[in-house]
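Colleague: Protein chains in written order, with this note's numbering: chain A, 9 to 297; chain G, 15 to 296; chain E, 23 to 212. For every residue, glycine included, the Cβ atom is placed at its ideal position computed from N, Cα and C. Before I ask anything, here is the structure I am working with.
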């Protein structure tokens, strides 16, 4: 049997998961490679479920998952996957009394760094990378939302993971904080595969060379942001008036109306599509808005 | 004061100074700040910055307090102590509230049996112990529940996704919570007017309840398991209290039953321990 | 800056550290970690161990700044802590489990007694006498006199038994006394 060296970090085949009557994930196929992949979709699309399966926190009902070529269903391989994983859950809880440094020390223990000195070195490294050095002694409850998010990323970075799973890392951040987050991601040491979920298209446009659109538990698009924008090529118009015949129609900040549809409304001009346009079109085609 | 020449300082910093120069240079450095900073300039700035960061992190983390220092010196691995630091039932506030509740119940039982309230009794009435008997093992169960229930660990999802064995985490925390919760409970039991073996009679029921809750958590929702364990004690204890024989719950027959339950539950726990590696939540 | 002013600043910083001021610890680190690294490297060739010792030293300063009694240089106080942290690190690396009790260095006796003598050592008769010693004897004298270590501590640093250190020191003093014809007041006593 030949051994192929692939750049694939994750491979998913026919993954399904349901909660009661709700199908959170419906026979999903996808692959993740090195670099940053964005998972785009509205709330309830199944992003968190998918990410928690990849993080070995949830088990699928059906289908196969392979992370670094290992099977999370096997106990020993699951531990091996966890050793190379960094996970930021959507609602990350913190022990109220912990300081930043103590919390990171605790997570480092969970990541099996038993030597005290090595733990301190790892914690110092992630604090430097996320710009939280001055806050090492602060209690977590005194941190602002943006700093807590950075702390969440810092704990995910402990142990130099090969796969970084970030669930809605930009939620609740203001634009300046989102900008700093993007800079942080682009300057990470090592070359991990990163998957982050968001419901905002401009996060994707700004940081992700690859994007997967998830709607109602199904993959509706997998490709580049330019490709996603391209799905709406030739269907995006700007006009001075509303058009009721278009699929989607809204008024932009510049006072002009933007329409997505096949037929140009009267007096409209063709404009080049953005990632958000492509996303809206794909969502509309999937029957969701 | 005369200073050391720049050449000599450089050769000292770089390591090429001869032995005699080493001696005189170092004696001078102890008292001269400007020569010290000249020497410092030869050290790699990145290295200094790195050591500085690690130093500040270690100062921020601290050594965990006198208890942790002592345990470390006794040979307990520091990473296990770190895991225990994140357990609510070991926090001082939890301990204090356990003590407070136990004290209240004990005072009430003592008051009744010593005749401070109600009719003066010629001898200690076992019925007065009923509230204490009811509550004491439940407090131990509560301490254990606070150690293993996911709802009490805010960073539970992180713990599940991490390579550290979920079962080891659970065992370390619950065993410690057991020991820590048993101390005030048995301590108060010594003070109460009752049979001399009362404190020891509470051990097996407390252990059995805790083991039952943990074993049940492998087959049902963990909170339901804890509640079920609590009921498994409260129902017989209340019934016996109403029948005026509360102490029956700690008699030999009951002790044997508790020992059997404990044994069975420990077997189940170890057989199904892989359940804990996936976390106890859906 | 005049030497006296620098020294007073160091003492102020050390008192601030004793009160728990972390910025003062950082300031002390920035002033002293550099030369401390060099001085430790002259005694231990492994940079990782020196890094660990540097961290341990300033952590010990953080915890024990209150023991500084105000006499002697702050630099000597820090070195007294540092050399013992270095020995601990070396000892742990070599697998020994016994811990050395930390005791305060006595900077007055180490520095002031030799200050004038040692600074002039390069060109003086003592310098020539020291040059005449074999390297092991010189290292033993240096560890016990310049660094103020006990023979046990010096043994760890040099990688020899405590008894060996004792006998080497004795032979070194005998040789020095002979070379100086026994007239130097410092080395005349033992």
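Between residue 29 of chain G and chain A, is any beta-carbon pair separated by less than 8 Å?
Modeller: For the purposes of this step, residue 29 of chain G is taken as the residue at position 15 of the second chain. So no, residue 29 of chain G is outside the interface.
Colleague: Between the C-alpha atoms of residue 246 of chain A and residue 287 of chain A, what's the straight-line distance to the nearest angstrom?
Modeller: Mapped onto the first chain, residue 246 of chain A falls at position 238. Mapped onto the first chain, residue 287 of chain A falls at position 279. So the alpha carbons of these two residues sit roughly 17 Å apart.
Colleague: To which residues does DSSP link residue 33 of chain A through a beta bridge?
Modeller: The residue labelled residue 33 of chain A in the question sits at position 25 within the first chain. DSSP lists A:25 as partners of residue 33 of chain A.
Colleague: Cα-Cα, which of G:207, G:23, G:292 and G:287 is closest to residue 142 of chain G?
Modeller: Numbered from its first residue, the second chain carries residue 142 of chain G at position 128. With distances taken between Cα atoms, residue 142 of chain G lies closest to G:207.
Colleague: Do you know how far the Cα of residue 55 of chain G is from the Cα of residue 197 of chain E?
Modeller: By 1-based counting over the third chain, the position of residue 197 of chain E is 175. By 1-based counting over the second chain, the position of residue 55 of chain G is 41. For residue 197 of chain E and residue 55 of chain G, the distance between alpha carbons rounds to 38 Å.
Colleague: Once you ignore the five residues that flank residue 68 of chain A on each side, which residues in its own chain have a CB closer than 6 Å to its CB?
Modeller: Within the first chain, residue 68 of chain A is the residue found at index 60, counting from 1. These residues qualify, in order along the chain: 23, 25 and 61.
Colleague: Just reading off the alpha helix (DSSP H) that residue 220 of chain G is part of, what are its end residues?
Modeller: Position 206 of the second chain, counting from 1, holds the residue named residue 220 of chain G. Looking at the DSSP string, the run of the alpha helix (DSSP H) that includes residue 220 of chain G is 217-231.
Colleague: Strictly below 9 Å CB to CB, what residues from chain G border residue 73 of chain E?
Modeller: Within the third chain, numbered from 1, the residue matching residue 73 of chain E stands at position 51. In chain order: 61, 64, 65 and 68.
Colleague: For residue 329 of chain A, does the three-state DSSP call read helix, strand or coil?
Modeller: In the structure as shown, chain A starts at 9 and stops at 297, and residue 329 of chain A therefore has no counterpart that could be examined.
Colleague: Residue range of the alpha helix (DSSP H) that residue 163 of chain A falls in?
Modeller: Stepping through the first chain from its first residue, residue 163 of chain A is reached at position 155. Note, residue 163 of chain A: alpha helix (DSSP H), 153-165.
Colleague: Ordered along the chain, which non-local residues of its own chain (more than five positions away) have a Cβ less than 7 Å from that of residue 230 of chain G?
Modeller: Here residue 230 of chain G refers to the residue found at position 216 when the second chain is read from its first residue. Closer than 7 Å at the Cβ level, and outside the excluded window around residue 230 of chain G, lie 239, 242 and 243.
Colleague: Give the interface partners of residue 90 of chain A over in chain G, defined as CB-CB distance under 7 Å, in chain order.
Modeller: The residue given as residue 90 of chain A occupies position 82 in the first chain. Those are 175, 176 and 177, listed as they occur along chain G.
Colleague: Closer than 8 Å by beta-carbon distance: list the chain G residues that pair up with residue 176 of chain E, in chain order.
Modeller: The count along the third chain starts at 1 and reaches residue 176 of chain E at position 154. Those within 8 Å of residue 176 of chain E in chain G number zero; the least Cβ separation is about 15 Å.
Colleague: Is there a Cβ from chain G that is less than 8 Å from the Cβ of residue 82 of chain E?
Modeller: Numbered from its first residue, the third chain carries residue 82 of chain E at position 60. False, the Cβ-Cβ gap to chain G never drops below 8 Å.
Colleague: Using beta carbons (cut-off 8 Å, strictly below), is residue 80 of chain G in contact with chain A?
Modeller: Translated into the one-based positions of the second chain, residue 80 of chain G becomes position 66. So, not an interface residue.
Colleague: Go through its chain and collect everything with a Cβ distance to residue 180 of chain A's Cβ below 6 Å, but skip five positions before and after it.
Modeller: Stepping through the first chain from its first residue, residue 180 of chain A is reached at position 172. So the qualifying residues of the chain are 153.
Colleague: Which same chain residues end up closer than 6 Å to residue 111 of chain E when comparing Cβ atoms and leaving out the 5 residues on each side of it in sequence?
Modeller: Walking along the third chain from the start, residue 111 of chain E turns up at place 89. Once the five neighbours on either side are set aside, the close Cβ partners of residue 111 of chain E are 71, 74 and 75.
Colleague: Please determine if the region 77-88 of chain G and the region 51-69 of chain G are in contact, where contact requires at least 3 C-beta pairs separated by less than 8 Å.
Modeller: No: the two stretches stay apart, fewer than three of their Cβ pairs being nearer than 8 Å.
Colleague: At a CB-CB cut-off below 8 Å, which residues of chain G make contact with residue 102 of chain A?
Modeller: Walking along the first chain from the start, residue 102 of chain A turns up at place 94. Result: 168 and 169.
Colleague: Any C-beta of chain E within less than 8 Å: which residues of the region 31-45 of chain G qualify?
Modeller: Listed in sequence order: 33, 34, 35, 36, 37, 38, 40, 41, 42, 43, 44 and 45.
Colleague: State the beta-bridge partners of residue 268 of chain A as determined by DSSP.
Modeller: Reading the first chain from its first residue, position 260 is the one you call residue 268 of chain A. Paired residues: A:244 and A:256.
Colleague: Starting from residue 208 of chain A and walking both ways along the alpha helix (DSSP H), at which residues does that stretch end?
Modeller: Taking the first residue of the first chain as 1, we reach residue 208 of chain A at position 200. Here residue 208 of chain A belongs to no alpha helix (DSSP H), and DSSP marks it neither H nor E.
Colleague: Pop quiz: residue 47 of chain A and residue 220 of chain A are said to be a contact at Cβ under 8 Å. What is the actual Cβ separation, rounded to whole angstroms?
Modeller: For the purposes of this step, residue 47 of chain A is taken as residue 39 along the first chain, with counting starting at 1. For the purposes of this step, residue 220 of chain A is taken as residue 212 along the first chain, with counting starting at 1. Their Cβ separation, rounded to whole angstroms, is 5 Å, which keeps residue 47 of chain A and residue 220 of chain A in contact under 8 Å.
Colleague: With residue 176 of chain E and residue 165 of chain E assumed to form a contact (beta carbons below 8 Å), what rounded beta-carbon distance in angstroms separates them?
Modeller: Walking along the third chain from the start, residue 176 of chain E turns up at place 154. Walking along the third chain from the start, residue 165 of chain E turns up at place 143. Contact holds; Cβ gap of about 4 Å.
Colleague: Run through chain E and tell me which residues come within less than 7 Å of residue 298 of chain G, C-beta to C-beta.
Modeller: A query on residue 298 of chain G cannot be resolved here, the shown segment of chain G reaching from 15 to 296 and no further.
Colleague: Taking just the CA atoms, how far does residue 102 of chain A sit from residue 239 of chain A?
Modeller: Taking the first chain and counting its residues from 1, one reaches residue 239 of chain A at position 231. Taking the first chain and counting its residues from 1, one reaches residue 102 of chain A at position 94. Cα to Cα, the separation comes out at about 42 Å.
Colleague: Which residues, in order along the region 81-96 of chain G, keep a beta-carbon less than 7 Å from a beta-carbon of chain E?
Modeller: Of all residues in the region 81-96 of chain G, none has a Cβ within less than 7 Å of some Cβ in chain E.
Colleague: Is it buried or exposed for residue 64 of chain A, if we count other Cβ within 10 angstroms and need 16 for buried?
Modeller: Taking the first chain and counting its residues from 1, one reaches residue 64 of chain A at position 56. Label assigned to residue 64 of chain A: buried.
Colleague: Using 8 Å as the cut-off, can you tell me whether the region 29-45 of chain E makes contact with the region 21-32 of chain G, which would need three or more C-beta pairs spanning the two stretches below that distance?
Modeller: No: fewer than three Cβ pairs fall under 8 Å.
Colleague: For the region 26-52 of chain A, list every residue whose C-beta sits within 8 Å of some C-beta in chain G, in sequence order.
Modeller: Within the region 26-52 of chain A, the residues whose Cβ lies closer than 8 Å to some Cβ of chain G are 27, listed in chain order.
Colleague: With 9 Å as the limit, tell me which residues of the region 223-248 of chain G have their beta carbon closer than that to any beta carbon of chain A; keep them in chain order.
Modeller: The region 223-248 of chain G vs chain A, Cβ under 9 Å: nothing.
Colleague: Measuring straight from C-alpha to C-alpha, what distance separates residue 229 of chain A and residue 236 of chain A?
Modeller: Taking the first chain and counting its residues from 1, the one referred to as residue 229 of chain A is at position 221. Taking the first chain and counting its residues from 1, the one referred to as residue 236 of chain A is at position 228. Going by the C-alpha atoms only, they are around 7 Å apart.
Colleague: Would you decide whether residue 217 of chain A is buried or exposed? Buried here means 16 or more other CB atoms lie within 10 Å of its CB.
Modeller: Here residue 217 of chain A refers to the residue found at position 209 of the first chain. Under this definition residue 217 of chain A is an exposed residue.
Colleague: If we call anything under 8 Å between Cβ atoms a contact, is residue 33 of chain A one with residue 57 of chain A?
Modeller: Working through the first chain from its first residue, we reach residue 33 of chain A at position 25. Working through the first chain from its first residue, we reach residue 57 of chain A at position 49. Against a cut-off of 8 Å, the Cβ pair of residue 57 of chain A and residue 33 of chain A comes out as a contact.
Colleague: Quick check: what's the CA-CA separation for residue 57 of chain E versus residue 50 of chain G?
Modeller: Within the third chain, the letter at position 35 stands for residue 57 of chain E. Within the second chain, the letter at position 36 stands for residue 50 of chain G. Residue 57 of chain E and residue 50 of chain G: Cα-Cα distance of roughly 6 Å.
Colleague: To the nearest angstrom, how far is the alpha carbon of residue 286 of chain G from that of residue 232 of chain G?
Modeller: Residue 286 of chain G sits at position 272 when you count from the first residue of the second chain. Residue 232 of chain G sits at position 218 when you count from the first residue of the second chain. Rounded to whole angstroms, residue 286 of chain G to residue 232 of chain G spans 7 Å at the Cα level.
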